[in-house]
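Engineer: Pasting a structure below so you can have a look.
Residue numbers (our numbering): 30 to 502.
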């Protein structure tokens, strides 16, 4: 009968069953015998374990009560009834599964039901209980860390009725997880505007910061591209330029993931497109360029930011695009006449960082637009030097084929071969060694037959001592 009734899709939530565990103390007064305590503890363990398994199977809160009137009736009956009443409400375990739940779920539900029956003998005789005295004796299943996590889950999933349920239960809407995320962070992360509004209406702190970077919910919403949530926070009093501990504003986060609509909204609300973070002095345009978001880069340029604006180490948007291999952003910026020769504090240019990171297509683009293949940093490092030190075999091969000087020395007299040896890049060492031997042979043959030195492609030979150093980007 229990299982048959359970197929009648009840409006009662799973978590309400836990409330009924309290009636196991019914009739025992202030100090129930230890044997009863043990049985009650056993009931809680078994029933909660089974409910947990069921929830894990399909995700939390498909089962939670959303019909206020029926829930209130259910709770009211619990104040005057006995555990036998649970049998009438056992069908809540099927809530959310329709007429034919999976066999594995049926088995777990039956197990949960048997747990209830095992302990009904405790309270069949005494039919009533005092809820207030019970609450003082039993550990609550609601006001725990688990319940805060449950509220976070419901907020993230956009389950408005469930969130409302927990709020009425008294769960702390500002309770945080290990990363300092509150329910509001979770709802903002998933773009659940109605949940965000409900949480704020019930006291959620829109200024609550996480423990990672002191990010507020607006930063999370901007990062995830949830425009309507960002707008709600702005209308609720959060500053458009509110910053985390790294001085990243919502605009930085929108730029990071290329959320054009969010960035446009923030700019229309007066966001400062020139604000730099405190780590490298990056502006939003640098972040967008470094992540390959051409349309967002264009948005910032139309907003008045300089195309060659730099971070605190002199890196431009083009530099960031080259660093990360974003060819389309580079083409766009070069079409807007960015300076392809702009160098950072160390004299490193886009071609050097592209070589270091192994972005051959970027190097080809820069070479085709007039950048020298042997361009040097302030320390005398060429693109080949950078590629060899970083172990970028294909780029090394490409640069050699294009005529890069393999024996050029930096300011300390180190060659690309020296750096390749130091880094343990055996294939590059062999390639450079072989190339040098071939060049020596060509030079010898040239001297013997009178061929012009131009056949050597301008390659010179040097036998300096081997030392190494790092390359600053």
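Using N, Cα and C, we set each Cβ at its ideal position, and we do this for glycine too.
Here the structure is a predicted model, which is why all the values come from computation and not from measurement.
On the three-state DSSP scale, how would you describe residue 401?
Structural biologist: Coil.
Engineer: With a threshold of 16 other CB atoms inside 10 Å of the CB of residue 290, please say whether the residue is buried or exposed.
Structural biologist: Residue 290 comes out exposed.
Engineer: Taking the alpha-carbon positions, what's the residue 413 to residue 320 distance?
Structural biologist: Their Cα atoms are separated by approximately 25 angstroms.
Engineer: Can you tell me the Cα-Cα spacing of residue 273 and residue 243, whole angstroms?
Structural biologist: In a straight line, the C-alpha of residue 273 is about 5 angstroms away from that of residue 243.
Engineer: State the DSSP-derived secondary structure class of residue 319, mapped to helix, strand or coil.
Structural biologist: Reduced to three states, the DSSP call for residue 319 is helix.
Engineer: Between residue 281 and residue 316, which are expected to be in contact by the criterion C-beta below 8 angstroms, what is the C-beta distance as a whole number of angstroms?
Structural biologist: Going by Cβ atoms, the distance from residue 281 to residue 316 rounds to 6 angstroms, so yes, they are a contact pair.
Engineer: Output needed for residue 210: all residues of its chain with C-beta closer than 6 angstroms, excluding positions within five of it in sequence on either side, in chain order.
Structural biologist: Contacts found: 239.
Engineer: Note down, in chain order, each residue of its chain lying with its Cβ closer than 7 angstroms to the Cβ of residue 292, except the 5 sequence neighbours on either side.
Structural biologist: Result list for residue 292: 280, 283, 284, 325, 328, in chain order.
Engineer: According to DSSP, is residue 156 helix, strand or coil?
Structural biologist: For residue 156, the predicted structure reports a pLDDT of 30, less than 50, and the residue's modelled location is therefore unreliable. A value from the coordinates is still provided. The answer is coil: DSSP assigns residue 156 none of H, G, I, E or B.
Engineer: Would residue 246 be called buried (16 or more neighbouring beta carbons within 10 Å of its own) or exposed?
Structural biologist: Burial call: buried.
Engineer: Out of curiosity, what's the CA-to-CA distance linking residue 447 and residue 400?
Structural biologist: Answer to the nearest angstrom: the Cα atoms are 25 angstroms apart.
Engineer: Where does residue 116 sit, in a helix, a strand or coil, going by DSSP?
Structural biologist: Note that residue 116 scores a pLDDT of 38, beneath 50, so its modelled location is shaky; the value from the coordinates is reported in the next line. Of the three classes helix, strand and coil, the one that applies to residue 116 here is helix, per DSSP.
Engineer: Just to confirm, is the Cβ distance from residue 300 to residue 258 under 8 angstroms?
Structural biologist: Going by C-beta atoms, residue 300 is not nearer than 8 angstroms to residue 258.
Engineer: From what residue to what residue does the alpha helix (DSSP H) around residue 352 run?
Structural biologist: Taken as a continuous stretch (DSSP letters only), the alpha helix (DSSP H) holding residue 352 covers 346-352.
Engineer: Classify residue 231 as helix, strand or coil using the three-state DSSP reduction.
Structural biologist: Here residue 231 sits in coil by DSSP.
Engineer: Between which residues of its own chain and residue 358 is the CB-CB distance below 7 angstroms, once the five residues before and five after are set aside?
Structural biologist: Cβ within range, chain order: 318, 321, 323, 326, 350.
Engineer: Under a Cβ-count criterion, where at least 16 other Cβ atoms within 10 Å of its own Cβ denotes burial, should residue 224 be classed as buried or exposed?
Structural biologist: It is buried - the Cβ of residue 224 has at least 16 other Cβ atoms within 10 Å.
Engineer: Thinking C-beta only, is residue 275 closer than 8 angstroms to residue 304?
Structural biologist: Their beta carbons are not under 8 angstroms apart, which means residue 304 does not touch residue 275 by this criterion.
Engineer: With C-beta atoms as the reference, is residue 384 less than 8 angstroms away from residue 421?
Structural biologist: For residue 384 and residue 421, yes; Cβs fall inside 8 angstroms.
Engineer: Specify the secondary structure class of residue 268 as computed by DSSP and reduced to three states.
Structural biologist: Looking at residue 268 - three-state DSSP - the assignment turns out to be coil, as it is neither helix nor strand.
Engineer: Excluding the 5 residues flanking residue 344 on each side, which residues of the same chain have their C-beta closer than 6 angstroms to its C-beta?
Structural biologist: These residues qualify, in order along the chain: 373.
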